[in-house]
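Number of protein chains: 2
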Amino acid sequence: MTDRREAPFAFEGLDRVLHEKARLGILTSLADYREGLSFGELRDLCGLTDGNLSRHVQILEEAGLIEVTKGFEGRRPHTNCKLTPEGRQRFDDYLAVLEQVLLRARGDAVSGSARPKEGKPA
Amino acid sequence: MTDRREAPFAFEGLDRVLHEKARLGILTSLADYREGLSFGELRDLCGLTDGNLSRHVQILEEAGLIEVTKGFEGRRPHTNCKLTPEGRQRFDDYLAVLEQVLLRARGDAVSGSARPKEGKPA
Chain A
1 MTDRREAPFA FEGLDRVLHE KARLGILTSL ADYREGLSFG ELRDLCGLTD
51 GNLSRHVQIL EEAGLIEVTK GFEGRRPHTN CKLTPEGRQR FDDYLAVLEQ
101 VLLRARGDAV SGSARPKEGK PA
Chain B
1001 MTDRREAPFA FEGLDRVLHE KARLGILTSL ADYREGLSFG ELRDLCGLTD
1051 GNLSRHVQIL EEAGLIEVTK GFEGRRPHTN CKLTPEGRQR FDDYLAVLEQ
1101 VLLRARGDAV SGSARPKEGK PA
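Heads up: the protein sequence lines correspond to chains A and B, in order.
Each residue of the first sequence is one higher than the last, beginning at 1 in our numbering.
Each residue of the second sequence is one higher than the last, beginning at 1001 in our numbering.
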């Protein structure tokens, strides 16, 4: 068995619930709009179909990351989605790991002029 | 239909081949070791099982992102994996999008003391 504690590139903190591309878009949108966003606004901001957005919203709600409130605006049904406090915290934690990924990868991945490494991992 | 060109949180550049957590670990490792890494080194750095690593290496190879060379070290079979030039370029492009995600999310997601937004998207 591999000992995951010693695997520097395992990126354990990249929780798959948050890391999935569409859900990452939803969470980033909601982080930006603290009072929440309607279903339609989220759909347009994230470029998702109604069906896809529904599916991902349900996953995020079941994970306790977002709160979904159904009501009416006048006679029209209105669904509002917002981050829960736990969701905000977990998203912050996720972003911290993402930043570590970037820092590691940019060690010499991005500059193009980086020195080649000769060494191998111990 | 949603017009994806106007969806600022669609993150089209987060190519799923690169974005998947295990593959992101593999690519980050290989970006760090320009001469490539053996199968066993990659497995340990990324905290993957042999089976999982094989599967992800195959996906990355088929996508043209990495090059896999099989040979021998003495009598022992030795598999070396390294980024292709295209793989390095696409990983760089991916990292640039990841950085945009972080910048957007950190608009007020991480500081904790950020102002609440009242506005809604247009």
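Every residue, glycine too, gets a C-beta built ideally from N, C-alpha and C.
Worksheet item: Going along chain A in order, which residues have a C-beta closer than 8 Å to the C-beta of B:Leu1060?
Response: Here the premise fails: no neighbours, minimum Cβ distance about 14 Å.
Cβ of A:Arg106 within 8 Å of any chain B Cβ: Yes, contact with chain B.
(Q) For a test of the three-state rule: what should DSSP assign to A:Phe9, helix, strand or coil? (A) Residue state for A:Phe9 is assigned as coil, using DSSP reduced to three classes.
The alpha helix (DSSP H) spanning B:Arg1028 covers which residue range?
At residue 1028 of chain B the sequence reads Thr, which differs from the Arg that was named. Looking at the DSSP string, the run of the alpha helix (DSSP H) that includes B:Thr1028 is Lys1021 to Asp1032.
Legend entry - Residues that A:Arg76 bridges to, as DSSP identifies them: DSSP output for A:Arg76 lists A:Glu73 as bridge partner(s).
query = What three-state label does DSSP hand A:Leu37 in the structure shown?
reply = Shown here, A:Leu37 sits in a strand according to DSSP, grouped into three states.
*Could you tell me the distance, in whole angstroms, from the CA atom of B:Ala1096 to the CA atom of B:Leu1014?*
Using only the alpha carbons, I get a separation of about 10 Å.
**Q.** Cβ distance (whole Å) where B:Ala1007 is taken to contact A:Asp93 below 8 Å
**A.** B:Ala1007 to A:Asp93, Cβ: 26 Å. No contact.
For B:Leu1083, which three-state DSSP category applies? Annotated three-state conformation of B:Leu1083 is strand, per DSSP.
Original post:
Are B:Glu1067 and B:Thr1084 closer than 8 Å when you measure CB to CB?
Top reply: In contact: B:Glu1067 and B:Thr1084 (Cβ atoms closer than 8 Å).
Quiz item: What does B:His1019 touch in chain A if you count any residue whose Cβ is under 8 Å from its own?
Solution: By Cβ distance, chain A contributes His19 and Lys21.
Evaluate the contact criterion for the region 1053-1069 of chain B versus the region 1098-1109 of chain B: three or more CB pairs, one atom per stretch, below 8 Å.
-> Under the three-pair Cβ rule at 8 Å, the region 1053-1069 of chain B does not count as touching the region 1098-1109 of chain B.
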